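When the sequence shown is numbered by the numbering used here, its final residue is 759 and no position is left out of the sequence of numbers.
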Amino acid sequence: MATFRSASTLLSADGTRTPGTAALFSEPARKGGVPPWAGDFRPANGSGNGPKNAVGKTFTLELPDGSTGKVVVQSLKSGKGGVTLALMGEDAPPF
Numbered sequence: 665m666a667t668f669r670s671a672s673t674l675l676s677a678d679g680t681r682t683p684g685t686a687a688l689f690s691e692p693a694r695k696g697g698v699p700p701w702a703g704d705f706r707p708a709n710g711s712g713n714g715p716k717n718a719v720g721k722t723f724t725l726e727l728p729d730g731s732t733g734k735v736v737v738q739s740l741k742s743g744k745g746g747v748t749l750a751l752m753g754e755d756a757p758p759f
């Protein structure tokens, strides 16, 4: 299982960029398939609560090396540590 944790940017369809930290993981691929991947995204301090009405929408996750992956926001949790968006990856993992 591959893992990744680093500063990243969530890019919405309208071009809005939300900086933050992504913690991602991938599962082994089924025979001949693409490995499924998922994780969390925490918007950086000062970025507010992240994208508005994000649940169910598709975003592009941009990693520091410039690689990108499509993600769908599954849920949004608020707590003492701020906001966390649960992501489900589409296609091949970018890490």
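Where a beta carbon is used, it is the ideal one built from N, C-alpha and C, also for glycine.
A quick note: this is a predicted structure, and the numbers were derived from the prediction, not measured.
1. Within 10 angstroms of its Cβ, does alanine 686 collect 16 or more other Cβ (buried), or is it exposed?
2. Using a 10 Å radius around the Cβ and a threshold of 16 neighbouring Cβ atoms, would you call serine 672 buried or exposed?
3. Do alanine 702 and alanine 750 come within 9 Å of each other at the CB atom, strictly closer than that value?
4. Out of Gly679, Asp755, Leu740 and Pro692, state which residue places its alpha-carbon closest to the alpha-carbon of glycine 720.
5. Looking only at DSSP bridge pairs, what is aspartate 704 linked to?
Taking the geometry as given:
1. Locating residue 686 in the sequence shown gives position 22, counting from the first residue. Result: buried.
2. Stepping through the sequence shown from its first residue, residue 672 is reached at position 8. Buried: at least 16 other Cβ atoms inside 10 Å.
3. Numbered from its first residue, the sequence shown carries residue 750 at position 86. Numbered from its first residue, the sequence shown carries residue 702 at position 38. Yes, they are a contact pair.
4. Position 56 of the sequence shown, counted from the start, is the residue given in the question as residue 720. Selected option, being the one with the closest Cα: Leu740.
5. The residue you call residue 704 lines up with position 40 of the sequence shown. Paired residue(s): Ala687 and Ala750.
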